[in-house]
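As given, the protein sequences belong to chains A and B, one line each in that order.
236 is the number that the numbering used here gives the last residue of the first sequence; the numbers go up by one with no jumps.
236 is the number that the numbering used here gives the last residue of the second sequence; the numbers go up by one with no jumps.
So the structure is just underneath, and the comments pick up after that.
Number of protein chains: 2
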Amino acid sequence: MRCSKVLHVEQKIDAPVSTTSQAPAWKQRAVERSTKAAKLRAEQRVERFLDAAQAIIMEKRTTDFTVQEVVEQSRQSLRSFYQHFDGKHELLLALFEDAMQRSADQIRAAASGQSDPLDRLKVAVHLLFELSRPGPTAQRPLFTEFAPQLLLSHPTEVKIAHAPLLTLFAELMTQAEAAGRLRASIKPRRAAALTMQTVMFVAQSSSVADDEHTHPITSEEAWDFCASGFAAP
Amino acid sequence: MRCSKVLHVEQKIDAPVSTTSQAPAWKQRAVERSTKAAKLRAEQRVERFLDAAQAIIMEKRTTDFTVQEVVEQSRQSLRSFYQHFDGKHELLLALFEDAMQRSADQIRAAASGQSDPLDRLKVAVHLLFELSRPGPTAQRPLFTEFAPQLLLSHPTEVKIAHAPLLTLFAELMTQAEAAGRLRASIKPRRAAALTMQTVMFVAQSSSVADDEHTHPITSEEAWDFCASGFAAP
DNA sequence: GTCGGTGCGAGAATAACATTCTCGGATATC
DNA sequence: GATATCCGAGAATGTTATTCTCGCACCGAC
Numbered sequence: 004m005r006c007s008k009v010l011h012v013e014q015k016i017d018a019p020v021s022t023t024s025q026a027p028a029w030k031q032r033a034v035e036r037s038t039k040a041a042k043l044r045a046e047q048r049v050e051r052f053l054d055a056a057q058a059i060i061m062e063k064r065t066t067d068f069t070v071q072e073v074v075e076q077s078r079q080s081l082r083s084f085y086q087h088f089d090g091k092h093e094l095l096l097a098l099f100e101d102a103m104q105r106s107a108d109q110i111r112a113a114a115s116g117q118s119d120p121l122d123r124l125k126v127a128v129h130l131l132f133e134l135s136r137p138g139p140t141a142q143r144p145l146f147t148e149f150a151p152q153l154l155l156s157h158p159t160e161v162k163i164a165h166a167p168l169l170t171l172f173a174e175l176m177t178q179a180e181a182a183g184r185l186r187a188s189i190k191p192r193r194a195a196a197l198t199m200q201t202v203m204f205v206a207q208s209s210s211v212a213d214d215e216h217t218h219p220i221t222s223e224e225a226w227d228f229c230a231s232g233f234a235a236p
Numbered sequence: 004m005r006c007s008k009v010l011h012v013e014q015k016i017d018a019p020v021s022t023t024s025q026a027p028a029w030k031q032r033a034v035e036r037s038t039k040a041a042k043l044r045a046e047q048r049v050e051r052f053l054d055a056a057q058a059i060i061m062e063k064r065t066t067d068f069t070v071q072e073v074v075e076q077s078r079q080s081l082r083s084f085y086q087h088f089d090g091k092h093e094l095l096l097a098l099f100e101d102a103m104q105r106s107a108d109q110i111r112a113a114a115s116g117q118s119d120p121l122d123r124l125k126v127a128v129h130l131l132f133e134l135s136r137p138g139p140t141a142q143r144p145l146f147t148e149f150a151p152q153l154l155l156s157h158p159t160e161v162k163i164a165h166a167p168l169l170t171l172f173a174e175l176m177t178q179a180e181a182a183g184r185l186r187a188s189i190k191p192r193r194a195a196a197l198t199m200q201t202v203m204f205v206a207q208s209s210s211v212a213d214d215e216h217t218h219p220i221t222s223e224e225a226w227d228f229c230a231s232g233f234a235a236p
C-alpha cells in the first residue's frame, strides 16, 4: 500500500547519549538491539499515521483534516503523534513526498512504453498533467492540493520533494538531447524544471472553468506550449 | 496611494428594503442621499482597512497578519471590519486584486516603450517575472505570496483577479499575431494564459536557491522557454 | 515476584486566531 | 430634548494546533 522507505521523518528516536566508540562492545550491542526495536516500532507508528491521513484525505476529498482526526483514525495518541512528527506540516510533507515519488514512478513507467524520446516526454507531460489536476479524477492523493500551502511555509522541503520528478524529466530531456531533439540553446535540466513547473501549475488552474466562453487549458495545449513555445519559427 | 475604485468589496451596506419604483419620489431622494453618504463613509473605511493591511504587509514582509493588527493599525474596530468584509479572505482578495491591477498597469506602461511586438512581450515577461518573485526585491506587496492560499479557498475569485493581467498579455499576443510573429497553431489568448502562468509560478519558485550547484531559473530563461519551447525547430 | 524505568493512551490545558456578540457613547435626525 | 443609527472597545465563542500531566502496562534487573 505505502512506500516502505520512510522519508524525511523517522529520526529523533535513536539519540543514544554515549554510544561512542569507547563503550564496551556488549553494551553497544545491547543498546543497538534496543534502539533498533525502538526504531522499528517508531516506523510502524509513523506508517499508521500516514495511512490514516491518507485514508481521511481520500474520504473527505480534501487535505483539510485535523491532527485529531488522524490520531483517532490511526487509533494512536496525540502524544505519540507529536513524538514522531515535528508538527502537522511534517505529516503533510511526508505525504507529499510520497505522492511525488509514486507519481514519478508511474510516469516513468508510462513513458518507457515509447521509443521516440519526444514521445516519451509527451506521454510524461500528459500524465503529469492528469495527475496534477484536482477534482474527482484524482484517485491518487490530491497531491497538488497541499503543495501551495507548503510552498509558503516550507519552500525548501517542497523543492526536495520535487526532486524525483525533476530527475525523471531531466532524464527524458537528456535522452531527447542525445537524439538531437532539443533546441541547442537549452540545458536538459533547465528544460525539465521549466516544463515540470508549467505543466503542474497550469493543470492545477485548469480545474476552475473560465466562467465565460473560454475553455480551460488542456493537456494537449500545455504540451504544445512547452515543446514549441509561442513564437513563430 | 491606492486605487480609488473599490473592487469586489463595498456592497452589503446599502440594502434598502423597499426603494423600488413605487416609493414616493421625495422618499427615494432622501433615502438615496442617506445611502450615498453611507456608501461614501463605507468606502473610506474600506480604504483605511486596505491601507492598514498594506502597511503591515510591507513592514512585516509577510502576509501573515492578523485581523486584529489590521484593525489596530487602521484605528477602527473589529466590529467595523466584519461589517465591511465578509472575512479575512475578502480583504486578501481585495489586496490581491488591487496588486494585480497595478502590476498590469505598470507592465503595460513598460511594454509600450517597445515598438516590436515581440520586444513588448519580452519586456512584459521580464517585468512580470520580477514583480512575481518574492523576497526583498518586492517593493510592491508580495503579490504572489497569498495567491496560493487563495487559489485553494477561492479559485474563482483568483481567476477574476488575474483578468487584468490576462487581458494585457492577450493584447500583446494579439499584436504579435497580427505581425505574424506567433506560431500559426496557437490562439493569442491561450498563449497569453500559458505564458502568464508559467512566468508567475516559475518566478515564485525561483526564490528558493537550489541548495546545491543548480542555480535558480532566471527571467531570461523563462522568456526563452515561453517564446521558443524546448523542442528543436 | 517486585522495583524502577520507559513508552504510550487519554485527555486536560494552553495559545493563537477568526468571528460574533454586547454594551455604552457619540452623532445625527426629527 | 427624544430617538434612532453608527461605531469603538473589548468580552465571548469556536476551532485548531501544540504542549503538558497522569496513570497504566510492559520489561529487564535484582
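All C-beta atoms in this analysis are idealised placements derived from N, C-alpha and C, irrespective of residue type, glycine included.
Quick caveat: nothing in here was measured; it's all calculated off a predicted structure.
Item	Value
Looking at the C-beta of Leu10/A, does it have a partner C-beta in chain B at a distance below 9 Å?	Low local confidence applies: a pLDDT of 49 at Leu10/A is under 50, so the model's placement there is unreliable, and no value is given.
For Ile59/A, which residues in chain B fall below 7 Å Cβ to Cβ?	Those do not exist, as Ile59/A stays about 17 Å from chain B at its closest Cβ, beyond 7 Å.
Can you find the residues in the same chain that come closer than 6 Å, C-beta to C-beta, to Lys91/B, ignoring five residues on each side of it along the sequence?	Val70
Can a CB atom of chain A be found closer than 9 Å to the CB of Thr198/B?	yes
Using a beta-carbon distance below 9 Å, is Lys162/A in contact with chain B?	yes
Bridge partners for Ala234/B per DSSP, in chain order?	Leu185/A
Which whole-angstrom value describes the C-beta separation of Ser208/B and Phe132/B, a residue pair presumed to lie in contact below a C-beta threshold of 8 Å?	The pair is not a contact, with the Cβ atoms about 12 Å apart (cut-off 8 Å).
Return the residue from the list Ser231/B, Pro236/B, Met203/B, Val74/B that minimises the CA-CA distance to Met103/B.	Met203/B
How would you write the range of the alpha helix (DSSP H) that Lys125/A sits in, first residue to last?	120-135
Give, in chain order, every residue of the region 95-129 of chain B whose Cβ lies closer than 8 Å to some Cβ of chain A.	Leu121
Can you confirm whether Ala181/A, when its beta carbon is compared against all beta carbons of chain B, has any partner nearer than 9 Å?	no
Who are the neighbours of Thr38/A on chain B, taking C-beta pairs under 9 Å?	None at all; the shortest Cβ gap to chain B is about 30 Å.
I'd like to know if the region 108-115 of chain A and the region 64-83 of chain A are in contact, where contact means that at least 3 CB-CB pairs between them fall below 8 Å.	no
To the nearest angstrom, how far is the alpha carbon of Ala225/A from that of Leu134/A?	14 Å
With C-beta atoms as the reference, is Gln200/B less than 9 Å away from Val205/A?	yes
For Ser106/B, name the three-state secondary structure that DSSP assigns.	helix
Please look up how many angstroms separate the CB atoms of Ser80/B and Arg51/B, rounded, as I've assumed it's under 8 Å.	No, Ser80/B and Arg51/B are not in contact; Cβ-Cβ is about 11 Å, not under 8 Å.
Does Ser135/A come within less than 9 Å of chain B when only Cβ atoms are used?	no
Please state if the CB of Leu175/B and the CB of Pro219/B are separated by a distance shorter than 9 Å.	no
Among Thr177/B, Leu154/B, Phe233/B, which has the Cα closest to the Cα of Ser210/A?	Leu154/B
Closer than 6 Å by C-beta to Leu96/B: which residues in its own chain qualify, once you throw out the five before and the five after it? Chain order, please.	Glu160
Go to Gln207/B, then tell me how far its alpha helix (DSSP H) extends in each direction, as first and last residue.	191-208
Rounded to the nearest angstrom, what separates Ala55/A and Ala45/A at their Cα positions?	15 Å
Could you check if Thr198/B is buried or exposed, using at least 16 other CB atoms within 10 Å of its CB as the buried criterion?	buried
Here's a check: name, in chain order, each residue in its chain whose Cβ is nearer than 7 Å to the Cβ of Ser118/A, leaving out the five neighbours to either side.	none
Leaving out the 5 sequence neighbours to the left and right, which residues in its chain are closer than 8 Å to Ile59/A when beta-carbon positions are compared?	Phe68, Glu72, Val73, Gln76
Could you tell me whether the Cβ of Arg192/A comes closer than 9 Å to any Cβ of chain B?	yes
One question on the structure: do Ala235/A and Arg192/B come within less than 9 Å of each other, judged by their Cβ atoms?	no
Whose C-alpha, out of Phe233/B, Ala127/B, Ala182/B, is nearest the C-alpha of Gly183/A?	Phe233/B
So which residues of chain A does Thr266/B contact, with C-beta pairs closer than 9 Å?	An answer regarding residue 266/B cannot be provided, because it is not within the stretch 4 to 236 covered by chain B.
Could you pull the start and end residues of the alpha helix (DSSP H) that Arg78/A belongs to?	Counting along the chain, Arg78/A falls outside any alpha helix (DSSP H), and DSSP gives it neither H nor E.
Return the Cβ separation of Ala112/A and Val126/A in integer angstroms, given the expectation that the two are a contact with Cβ distance under 8 Å.	Between Val126/A and Ala112/A the Cβ distance is about 10 Å, and since that is not below 8 Å, they are no contact.
What residues from chain B crowd round Ser208/A, counting only those whose CB sits closer than 7 Å?	Gln200
Going by alpha carbons, who is nearest to His157/A out of Asp89/A, Leu53/A, Phe84/A, Ala194/A?	Asp89/A
Report the three-state DSSP secondary structure of Pro158/B (helix, strand or coil).	helix
Just to confirm before moving on: does the CB-CB distance between Ala164/B and Glu100/B stay below 9 Å?	yes
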